[in-house]
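Participant: Converting from the sequence shown to our numbering requires adding 2 to each position, the first position being numbered 1.
By construction, the Cβ of each residue, glycine as well, lies at the ideal position given by its N, Cα and C atoms.
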Amino acid sequence: MKHNRLVLTLVSLTAGVGLGFLGSLLLFPSNQMETNTSPQISGSVPFSEYANSDNSKHPVPHSLATVIEIESPTERRIALYQLVSKKNAEQITEFINQTFDIESIQSLYSVQRLLFSELARIAPTKTLELVWKTERIRWGPLLDVVAVQWSLFAPTDALRAFSVLDEPWKSRALTTVFQQQDALDVAELKDLTQSLNITDTFVKWTYEKQLAAVIDEPRKAFSLAIEADTSNFHRRHMLKQITRRWVEREGTDDISTMFSLVYDLFADTRFLWSSVVGEIAKPNPELAWKQLSSMPLEIRKLFVDDVFDEWFERDPDAAIEAIRTQEYVDAMASEMYSHLLTWVRAVSDRILEYIELVPEDYKLTAIEIAVEHLAENSPPNEIIDLLTQLRLRGFNTQEATYSFVRVWSTKDPLAAVEWTSKNMDQGPGDGQWMLTTALEKLALSDPERAMEFALKQPEESRLEDAVIIELMQQGEFDKALSFLPRIRETTGYPYIYEGVSYHLIVAGRIEEALTLADRLEETEKHLFYSKLVYPWLRFELDSLLEFLPKLPTEELRRTVAIAVLGEQERYPYLTANELEYVRSLLPDETN
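1) DSSP on Ile-72, reduced to helix/strand/coil?
2) Just how far apart, CA to CA, sit Leu-198 and Ser-484?
3) Suppose only complete runs of 4+ residues qualify. What are the alpha helix (DSSP H) ranges in the segment 312–344, listed by chain order?
4) Between which two residues does the alpha helix (DSSP H) containing Tyr-583 stretch?
5) My output table needs one value for Met-240: the three-state DSSP class, helix, strand or coil.
6) Does DSSP put Ser-397 in a helix, a strand or coil?
7) Which ranges does the alpha helix (DSSP H) cover as unbroken runs of at least 4 residues, wholly within the segment 343–381, from first to last along the chain?
8) Pick helix, strand or coil for Ala-53, following the three-state DSSP scheme.
9) When the distance is taken between beta carbons, is Leu-304 closer than 8 Å to Trp-275?
10) Is the beta carbon of Val-148 closer than 8 Å to that of Ala-122?
11) State the DSSP-derived secondary structure class of Asp-255, mapped to helix, strand or coil.
12) Quick check on the burial criterion: 16 or more other C-beta atoms within 10 angstroms. Buried or exposed for Asn-234?
13) Taking its Cβ as the centre, do 16 or more other Cβ atoms sit within 10 Å of Arg-488, making it buried, or is it exposed?
14) Cα separation between Ser-340 and Asp-467?
15) Pull up the distance between the alpha-carbon of Ser-277 and that of Glu-378, whole angstroms please.
16) State the start and end residues of the unbroken alpha helix (DSSP H) segment that holds Tyr-531.
17) Within a Cβ cutoff of 6 Å, which residues of the same chain sit near Ser-350, ignoring the five residues on either side of it in sequence?
18) When you compare each of Arg-162, Gln-196, Pro-381, Ser-106 to Leu-130 by their alpha carbons, which one comes out closest?
19) Pick from Leu-186, Glu-92, Val-205, Leu-144: whose alpha carbon is nearest that of Gln-114?
20) What whole-angstrom Cβ distance do Glu-370 and Ser-405 have, given they're in contact under 8 Å?
21) Could you pull the start and end residues of the alpha helix (DSSP H) that Gly-568 belongs to?
22) Is the beta carbon of Gln-428 sitting closer than 8 Å to the one on Thr-412?
23) How about Glu-542 and Ile-507: do their beta carbons lie closer than 8 Å?
24) Assuming Leu-444 and Val-419 make a contact with CB atoms under 8 Å, what is their CB distance in whole Å?
25) Inspect the CB distances between the segment 247–254 and the segment 275–294 and report whether three or more fall short of 8 Å.
26) Specify, as a first and last residue, the run of the alpha helix (DSSP H) that Met-436 falls within.
27) Is Asn-199 helix, strand or coil by DSSP?
28) Residues in its own chain within less than 6 Å of Pro-382 by CB, not counting five upstream and five downstream?
29) For the alpha helix (DSSP H) that Pro-143 lies in, which residues bound it at each end?
30) Quick one: residues in its chain with C-beta nearer than 7 Å to the C-beta of Glu-582, no 5 flanking neighbours on either side, listed in chain order?
31) Tell me the rounded alpha-carbon separation between Arg-521 and Ala-563.
32) Can you grab the Cα-Cα spacing for the pair Pro-220 / Arg-238, in whole Å?
33) Taking the alpha carbon of Thr-136 as the point to measure from, which residue in Asp-103, Gly-396, Ala-160 has its own alpha carbon closest?
34) Three or more C-beta pairs under 8 Å: does that hold for the segment 221–228 against the segment 176–196?
35) Buried or exposed for Pro-574, going by 16 or more other Cβ atoms inside 10 Å?
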């Protein structure tokens, strides 16, 4: 009797709704449908559930709301089957639209997924449009439903439709199609994905398939990831997958053996080991540190930062205590700065309390790190007060003060300039470089005020030159050139012209660079032109060869030609013919 009911149930399902809806019953087990939001669509439903259900006991529901109110998942699904039996795409679409207006309850989502599955079988494009009308949290799982159904009967159309989606939905849907379809072989997929400009996603999926086959063999799996022709982001993802699986299978009792294998495979790569070492150390970073400490120095230096970072995140006090020993400082001095970055940034707001824990030779470095980090988000007066307290405790804060001013000037350059000009003695050296740094930032936000300030400073500071050069470096050529007539005269050659002409040459503004010579004394022009040669030769060689014979005097032509030959000795810019041409412009006695 049970067998007959099973046959009748399956026949009625197939005849009434179609294989798509039957497939959805198999894809979405009743014990998972209520809460499953995973992108994985798998599982099976015991046929006996439906075989033991007597459809005659359940009257055909008259509305979707009635179906949703049914408490039993199995009975609700049978009722939904009866409701959508023999319905077309427009009618099923209307049912889906109704779900948007029904109060969100747990059973609503299970009904919604089944409706999407059936509609995707007969109208996938319309179903895809409806995905984006649901709650955002449902987009991923419902997109999976559409991708699975579409891939079963029209994978090419599915790939074409999904290829124009935004990320992350694009990669998610495409990967589902790659996994589910069996109509296209690898060669066909390769050609199709190339034509749709989705090769990257196909390549990732291909490598993921290869990785699944060897993931329990770390050496093979890591080699695959290292050599994979894929993005660095995906490569790191593969490496983390492999490492987590490795640690899960083998535990962390013998971390040193793991580190040895990683060193063997990764030593010649560019920091690819970082995510691997971190994942190995994460379950027990203290044990990882101890085992690493007994390994050869070359391995320790390569991996110690990543192990320290994991340990510091778990137990900062213990991690710091480990690097404070003189033995460690002596052996691993080259790694101390990176350790300090991690630690000091974390405790920067309590640096006065923690500074004594820092090894003596690294205290000033720690202070500079803390001040620079705090300056990003703290009020300037708090940083100034901190620097004062540190000085009172006997610390040299000149470099830290410079770091503070450098950060401050990016936020409020005028205030930074005004404070710095009154506290030059607190910066390194005579404070001039600290003031210049702040003034350069002011030049970008308020060039007129920056120039006015510069011209009020002692003439020997030449701060107006710094304003002009900063504007030139940032491409503000016209404003910078307008300031040139305002610079104060110098007792020697005005080297500001060298910097200005360099940037003009690089920008291709050759004639403007040459006209700068008109501002110079005759005795200064030869030096100007000889200084012009390096950027001219490097960035605008054709222009140089064109202008060289047009220079106003034979003496200037000779000066430039000699400078060109001098640069040619350092680097072969000129071809043999070009070199011969330059030599032809020199008197015989010079050649």
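Facilitator: On the basis of the coordinates in this document:
1) Here residue 72 is taken as the residue at index 70 of the sequence shown, counted from 1. DSSP places Ile-72 in coil when its eight states are reduced to three.
2) On the sequence shown, position 196 is the one that residue 198 refers to. On the sequence shown, position 482 is the one that residue 484 refers to. Distance between the alpha carbons of Leu-198 and Ser-484 is about 52 Å.
3) 318–325, 328–333
4) Position 581 of the sequence shown, counted from the first residue, corresponds to residue 583. First-last of the alpha helix (DSSP H) with Tyr-583: 578–586.
5) The residue you call residue 240 lines up with position 238 of the sequence shown. In this structure, Met-240 counts as helix in the three-state DSSP scheme.
6) Stepping through the sequence shown from its first residue, residue 397 is reached at position 395. It is worth fixing the name first, because residue 397 is Phe in this sequence and not Ser. In the structure shown, Phe-397 sits in coil (DSSP, three-state: anything other than H, G, I, E or B).
7) 353–356, 365–377
8) In the sequence shown, the residue the question calls residue 53 occupies position 51. Legend: pLDDT at Ala-53 = 35, less than 50; position of this residue unreliable, value from coordinates given subsequently. Helix at Ala-53.
9) What you label residue 275 is simply residue 273 of the sequence shown in a count that begins at 1. What you label residue 304 is simply residue 302 of the sequence shown in a count that begins at 1. Yes, these two residues count as a Cβ contact at 8 Å.
10) As a position in the sequence shown, residue 122 is number 120, starting the count at 1. As a position in the sequence shown, residue 148 is number 146, starting the count at 1. In this structure, Val-148 lies closer than 8 Å to Ala-122 by Cβ.
11) Working through the sequence shown from its first residue, we reach residue 255 at position 253. Coil, per DSSP.
12) As a first step, residue 234 must be located in the sequence shown, where it is residue number 232. Exposed, because fewer than 16 other Cβ atoms sit within 10 Å of the Cβ of Asn-234.
13) For this step, residue 488 is matched to residue 486 along the sequence shown. Looking at its Cβ environment, which holds fewer than 16 other Cβ atoms inside 10 Å, Arg-488 is exposed.
14) Within the sequence shown, residue 340 is the residue found at index 338, counting from 1. Within the sequence shown, residue 467 is the residue found at index 465, counting from 1. Those two C-alpha atoms are separated by around 37 Å.
15) Translated into positions along the sequence shown, residue 277 becomes position 275. Translated into positions along the sequence shown, residue 378 becomes position 376. Distance between the alpha carbons of Ser-277 and Glu-378: 28 Å.
16) Sequence index remark: in the sequence shown, residue 531 carries index 529 (1-based). Per DSSP, Tyr-531 belongs to the alpha helix (DSSP H) from 524–541.
17) Here the question's residue 350 lines up with position 348 in the sequence shown. Hits under 6 Å: Ala-372, His-375, Leu-376.
18) For the purposes of this step, residue 130 is identified with residue 128 of the sequence shown, where counting begins at 1. Checked all of Arg-162, Gln-196, Pro-381, Ser-106; the closest Cα to Leu-130 is Arg-162.
19) If you number the sequence shown from 1, residue 114 lands on position 112. Nearest of Leu-186, Glu-92, Val-205, Leu-144 to Gln-114, Cα basis: Leu-144.
20) Within the sequence shown, residue 370 is the residue found at index 368, counting from 1. Within the sequence shown, residue 405 is the residue found at index 403, counting from 1. About 5 Å separates the two Cβ atoms, so the contact holds.
21) Your numbering for residue 568 matches position 566 in the sequence shown. Residues 556–572.
22) Translated into positions along the sequence shown, residue 428 becomes position 426. Translated into positions along the sequence shown, residue 412 becomes position 410. Contact: no.
23) Residue 542 sits at position 540 when you count from the first residue of the sequence shown. Residue 507 sits at position 505 when you count from the first residue of the sequence shown. Result yes, Cβ atoms of Glu-542 and Ile-507 sit closer than 8 Å.
24) Counting from 1 along the sequence shown, the entry for residue 444 is found at position 442. Counting from 1 along the sequence shown, the entry for residue 419 is found at position 417. Rounded, the Cβ-Cβ distance is 5 Å, consistent with contact.
25) yes
26) The count along the sequence shown starts at 1 and reaches residue 436 at position 434. It spans 434–447 - the alpha helix (DSSP H) in which Met-436 sits, taken as one unbroken run.
27) Working through the sequence shown from its first residue, we reach residue 199 at position 197. Correct three-state label for Asn-199: coil.
28) As a position in the sequence shown, residue 382 is number 380, starting the count at 1. Closer than 6 Å at the Cβ level, and outside the excluded window around Pro-382, lie Trp-410.
29) Taking the sequence shown and counting its residues from 1, the one referred to as residue 143 is at position 141. Element bounds for Pro-143: 141–155.
30) Position 580 of the sequence shown, counted from the start, is the residue given in the question as residue 582. Within the same chain, Glu-582 has no close Cβ partners at all.
31) To locate residue 521, count along the sequence shown from 1; it is residue 519. To locate residue 563, count along the sequence shown from 1; it is residue 561. Each residue's alpha carbon lies about 22 Å from the other.
32) Counting from one through the sequence shown, the residue named residue 220 turns up at place 218. Counting from one through the sequence shown, the residue named residue 238 turns up at place 236. Roughly 15 Å between the two C-alpha positions.
33) Your numbering for residue 136 matches position 134 in the sequence shown. Among Asp-103, Gly-396, Ala-160, the Cα nearest to that of Thr-136 is on Asp-103.
34) no
35) As a working note, residue 574 is residue 572 in the sequence shown. Looking at its Cβ environment, which holds fewer than 16 other Cβ atoms inside 10 Å, Pro-574 is exposed.
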